[in-house]
Each structure stands twice: as C-alpha cells, then as structure tokens.
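Encoded as structure tokens, the structure appears first; notes follow it.
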Amino acid sequence: MSSIEVALIDNSDLTKIHPLDIIMRYRNGYINFYLKSDTTLIIGFITNMLIEQKKNFLKDTDLFEGLPDERLNLIAEITYQVDYPANHIIFEEGTEGDSLYLLVEGEVAIIKADTEVLSFNEKGYCFGEVALIDDKPRSATIKTTLQTCLLKITRDDFFQVLATEPLIGRGMFRVLNNKIRNDLEVQMSSIRKEVAQEESLRLAAEVQQSILPNEEIKHHCLTSAGYCKPTNRVGGDYYDYLYLSDDCIGIFIGDVMGHGFHSAMLAAMTKSCIQTQIRFDASVPEVMKAIKRVTDEDARTFIYMTCCYVLIHNDNTLYYANAGHPSMLFLPANGNECIELESQFPPVGIALPDKDSVTQYYSAKTTWGPGDLLVLYSDGITEALNAENEMYGIARFKEVLSDTRHLSATEIREGVLTDLQEYQQGVNANDDITLVIAKFQ
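As numbered in my numbering, the sequence shown has no gaps in its residue numbers, which increase by one up to the final residue, 447.
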C-alpha cells in the first residue's frame, strides 16, 4: 500500500495535534477530510464553537430570533459546525434534503440548471430549510465560493425541537417570507430591466424607421426603389437619398456592426452628420471624412460601420467611395456585364494598425447612361441561408439582377426579394437585409 501525505488545511503544524484529538473531533463531527490527490489527504479542523458562542449566533438569525435562552441552549446543542473549502458542493439539485444550514462565515452560491443565480455572504443566512418542510428533493445546488463555515441542523433534530417550541415555526415563516420578498425583488428588478430594454428597443426601432427615406427618387436622370428590413426589431442597416440639386443626387448606404440601441443611434448620428456636411461640401472625400469623425468619436463602444456614398451627376458621371461595404453592382444597359465597384477603404470606426496614419479619402469615377442599373446592398442578402445552411451568394444575386435589368427599379427590387424569400425556404434571416436599386433614364 502506498503512503499518503497528510496535511492540515490551514497549514498548521500537524505534529502538535494528538491523534486522539483527531479521532474525537471526527466522532463529534468537528473534522473534515479532503482527498487532494492520490497521495495527499487534507485534514480540515473545525474550530469548536462553544455552546454560548452558538447561542449568541443563533439568536441573531431570522430563524431563531426571539427564542428564550433555554430554547437557544437546546438548539445550540443539536447544531454542529461544518467547514468547507472554496468551490465545494454542499448539496446538489434533485438530491434528498435532510438538513438545513446557517452561514457563519464565507460565501455560498445558488446554482440552477448549471447557472449561478445568486450568491450570499450574509452572516446567519439560512438555506436548505425548504426540503425539510415539503420533503421533496433539493430545488437547487449550493456551492461554496470561499472557504466557508456553517452550522448544520438535521431534519430529525429540527422537528424534535420544533415540537417543543412553537416560536421556531414563526421563525421558519419569517425566513420563508424574507426569501419570497427577496425573490420578488430580484424578479421585479429583472422585470424593470426587461421593461427598460424593451423601451430602448422601441425607441431605437422608431429612430431607425425615421431615418429611412419617406419616398423614392423621382429625378429626371434616375428612379429608385429601396428596402430595409432588420433581422430583429432593431438593426444596424440604413440607406438615404440626398437631393443636392437639380443636377446632382446622392445615395448613401451603411451597415453598423451589431443590432440594437447603439447601432440605431450611430446610424442616426451618421445621417445627421451627412445632412450637416452636405450643406457645406457634399463631395465624396469630405462626406467620408465627416462620417469617420462621428464613428471615431463613438469608438469607445467598439462599433464600426461599412458604407458606400455615391454622387450621381446629370452629366452622366458617377463618383463614389466604399468603406468596407459589399461592392456596388453596376449593370450597363448595352450588355450582359455585372461590374463590381470594389471597396477602396476600410470600415469607418476601425483603428488602423499605424495609430498615427490617417485615411486619405478620394472618390472613384465611372460613367452611366440611360437604362444602366446601380445596385447597393448589404451582406444580409448574399449571406442569407436556406434550410440546407447554404448561402444565397453573389452569383445568384447577379443572375437575378441580369434577368430583371430591363424592368423598372421597383420591379427589379421585388424580383430580388421574391427570389431571396423562395431561396430561404422559411429560414429566418440572420442579418439585416437592405437593397437599393437605382435605374438611370
């Protein structure tokens, strides 16, 4: 038989402890053994609280408050002290309950379905009492989070004392009543939090809807058809039309990372920023710089945005910049091409590797003619999944656009959305879906 190393939990000198003392303490329930490994046995001595110390402790607990001294003495005699190291499971959910516990020192956590729900370090906190009353399995797991000292009372001893002292029943009622109140407070706090979250989502949804265009472009050089549907109530996508003059129209599309209140707020701030900037200088580089300033100021929330900004002039020229957004698609009327106007810049709001470097925005240029098609979209379209977990993809998207390019902007939009819906086979989208069709005339 291999030898086992024995050590004390408090690292005190084992040679000063008489073997008979260990045996007596073990018989009286004042010692715990913890097998640390195959060769190390940890002995945890429990400091023996005197009856008077137990009585003084018990009289301040909700369970035994108000009892006469003679009853407290009786209860003190039937309680015994147990010591547990940190992360020790005292009892598990679903097991039979045969004892209640009072917390003397340390901390315990309540665990339901493998999730820590609450923790308590309040001196005198009582737990395990419900299983004594209803004779049902433990409703939760209790685990120590720190080295913990408890007083333990078994079911038989508790009911024997309860039969002689009705006031203990009042104390039990007080304990249960306080727990119900605490549970209600926790639930009300959770409800208030849910209500606040619901209200913030409602406001964010209103904000997001308010920043979308009220009507489509009906200009002498082009018509438009837009669509934006968040995957949840509130998304991070948005688009806008900018009426700059009789000779110039702007289109913007943005996709803020994430969903919810902060995403909607950044989208709203971006719209406000653009509307302010175009009063002074609507050029592509200046608008992009203004957008970057907004996202940089909000960088503490770790939210970034991909976007495209396009200026369409009456002289058949088109200027644009793309910051990490899916490439715009340009379909000339006199051919079968579907040209990708690729991204030139990183998403706005993302820190560059070189902290001292500054993004120098410039505009790319192309020309357009009557019947040409410009398509702006978010990756929620191409990355939409079907029941086989396959993406819709850019190839199918281009094919639908090519097949419908001769139709009006509205008809092209509806053709894409119908095909996308059929492809998804009822599978919910996992990202916002935004689409803008601009048809030149």
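Glycine is no exception: its CB is placed at the ideal position from the N, C-alpha and C atoms.
Note that the C-beta distance between Leu337 and Arg419 is not below 7 Å. With a cut-off of 8 Å on Cβ pairs, the region 248-257 is not in contact with the region 384-397, counting fewer than three such pairs.
According to the DSSP assignment, Gln427 belongs to the alpha helix (DSSP H) that extends over Ala415 to Gln430. Between the beta-carbon of Tyr325 and that of Val290 there is about 5 Å, and that keeps the pair under the 8 Å contact cut.
In the DSSP annotation of this structure, Phe351 is not part of any beta strand (DSSP E), being labelled neither H nor E. With three or more CB-CB distances shorter than 8 Å, the region 144-158 counts as touching the region 85-93. Burial is judged here by how many other beta carbons sit within 10 angstroms of a residue's own beta carbon; Thr440 has at least 16 and is buried. For Met263, DSSP assigns no beta-bridge partner whatsoever.
A residue is called buried when at least 16 other Cβ atoms come within 10 angstroms of its Cβ; Leu124 does not meet this threshold and is exposed. Taking 7 Å as the cut-off, the beta carbon of Ala327 is found no closer than this to the beta carbon of Ser384.
Boundaries of the alpha helix (DSSP H) around Asp409: Ile400 to Thr410. Around the beta carbon of Glu111, fewer than 16 other beta carbons lie within 10 angstroms, which makes this residue exposed.
According to the DSSP secondary-structure assignment, Leu379 is paired through a beta bridge with Leu337 and Lys445.
DSSP places Val123 within a strand segment (E or B) once states are collapsed to three.
When the five nearest sequence neighbours on each side are left out, the beta carbons in the same chain lying within less than 8 Å of the beta carbon of Asp438 are those of Cys234, Lys235, Pro236, Thr237, Gly241, Gly242, Asp243, Asp261, His265, Ser384 and Gly386, in order along the chain. Between the region 132-146 and the region 112-120 there are three or more C-beta pairs closer than 8 Å, enough to call the two in contact. Bridge pairing for Gln87: Leu157 [DSSP].
Closest in alpha carbon position to His319, among Ile95, Gly375, Cys132 and Leu109, is Gly375. In the DSSP assignment, Gly232 falls within the unbroken beta strand (DSSP E) covering Leu228 to Lys235. In the displayed model, Gly100 falls within coil according to three-state DSSP, outside both helix and strand. Per DSSP, reduced to three states, the secondary structure at Ala82 is helical. Ranked by Cα distance from Asp409, the first of Leu347, Tyr398, Gly341 and Ile356 is Gly341. Excluding the 5 residues flanking it on each side, Val181 has same chain C-beta neighbours closer than 7 Å at Asp68, Leu69, Cys132 and Glu135, in chain order. Scanning its chain for C-beta atoms nearer than 7 Å, with the 5 sequence neighbours on each side dropped, one finds around Thr101 the residues Pro143 and Arg144, in chain order.
Under the DSSP assignment, Leu324 falls outside any alpha helix (DSSP H), being part of the beta strand (DSSP E) whose first and last residues are Thr323 to Ala329.
Here the alpha carbons of Leu109 and Cys279 stand approximately 58 Å from one another.
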